[in-house]
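Position in the sequence shown (from 1) plus 111 gives the number in my numbering. Cβ coordinates follow ideal geometry from the N, Cα and C atoms, glycine included. What follows is a single structure, written as structure tokens, with notes after it.
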Amino acid sequence: MYHNRVASVKGGKPPYGLPPKHILTRLPTLFPRPVPSTARAPKAVAEAPARHLAKYIFPRQFGLHNVFTSEKARSSFEIMPDYLDREVEIKARHSLSLCSEARWLMKLGSIKTPLRLKPVLPLLDRLATLNARCTYRKLLDRRCPSKV
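Following this line, the structure appears as structure tokens:
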């Protein structure tokens, strides 16, 4: 975040925080928080952002492509795919899981959250909440004040 190339922006001012393509930046737009009301949201709806974030952090557990199980030869010098945006892969994976025959043919795992990842979901939800609340500009001004 701090030791990265400055992204180009049309407004001319450098952006602060994570890049716009990062999942923690895009998560609030993918799953907007519901308006507070007296009725509580179902557990599946409340945990949806954390489950989606888990697919980015633990892709192998959900049967998604990852660098450790790549089918390319290790001696290859080809560039690995960019894992910042997995939405197309996740949507394709979800549509395959709806058809059990296709899942059986491709031998893909279940898209359900594995039991070993369920205790991590509250931590991922907290991570997303704290990232949404953090004002990176104020944090940077406090820790590294500019004299210019």
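Problem set entry | Contact set for Leu251: own chain, Cβ-Cβ below 7 Å, skip 5 residues either direction | If we look at Leu251 and ignore the five residues flanking it on each side, its Cβ neighbours are Tyr127.
Exercise. What residue from His176, Ile201, Pro233 has the CA that sits closest to Met191's CA?
Worked result: Selected option, being the one with the closest Cα: His176.
Exercise. Can the beta-carbon of Ala157 be found less than 8 Å from the beta-carbon of Thr224?
Worked result: Thr224 is positioned such that its CB atom lies no closer than 8 Å to that of Ala157.
Problem set entry | Thr140: first and last residue of the uninterrupted alpha helix (DSSP H) it sits in | Taken as a continuous stretch (DSSP letters only), the alpha helix (DSSP H) holding Thr140 covers 134 to 141.
Exercise. What distance in whole Å lies between the Cβ atoms of Leu228 and Phe169, which are believed to be in contact at a cut-off of 8 Å?
Worked result: Contact flag correct, Cβ pair sits at about 6 Å.
Exercise. Can you find a C-beta in chain B that's less than 8 Å from the C-beta of Leu164?
Worked result: Reference to chain B is not applicable here, since this structure consists of a single protein chain.
Problem set entry | Cα-Cα separation between Val178 and Lys258, rounded to whole angstroms | Between Val178 and Lys258, the alpha-carbon positions lie close to 43 Å from each other.
Exercise. Which residue's Cα is closest to the Cα of Ala243: Ala155, Cys255, Pro143?
Worked result: It is Pro143 whose Cα lies nearest to the Cα of Ala243.
Exercise. According to DSSP, is Thr224 helix, strand or coil?
Worked result: DSSP places Thr224 outside both helix and strand once states are collapsed to three, so it counts as coil.
Exercise. Taking buried to mean at least 16 other C-beta atoms within 10 Å of its own C-beta, is His205 buried or exposed?
Worked result: Per the 10 Å Cβ criterion, exposed.
Problem set entry | Residue range of the unbroken alpha helix (DSSP H) whose run includes Pro160 | Counted as a single uninterrupted DSSP element, the alpha helix (DSSP H) harbouring Pro160 occupies residues 159 to 168.
Exercise. Out of curiosity, what's the CA-to-CA distance linking Thr240 and Thr180?
Worked result: Near 31 Å, if we compare the C-alpha coordinates of Thr180 and Thr240.
Problem set entry | Per-residue DSSP class, three states only, for Asp252 | In the displayed model, Asp252 falls within a helix according to three-state DSSP.
Exercise. Thinking C-alpha only, which one of His163, Gly122, Thr140 is nearest Leu232?
Worked result: Per the C-alpha coordinates, the member of His163, Gly122, Thr140 positioned closest to Leu232 is His163.
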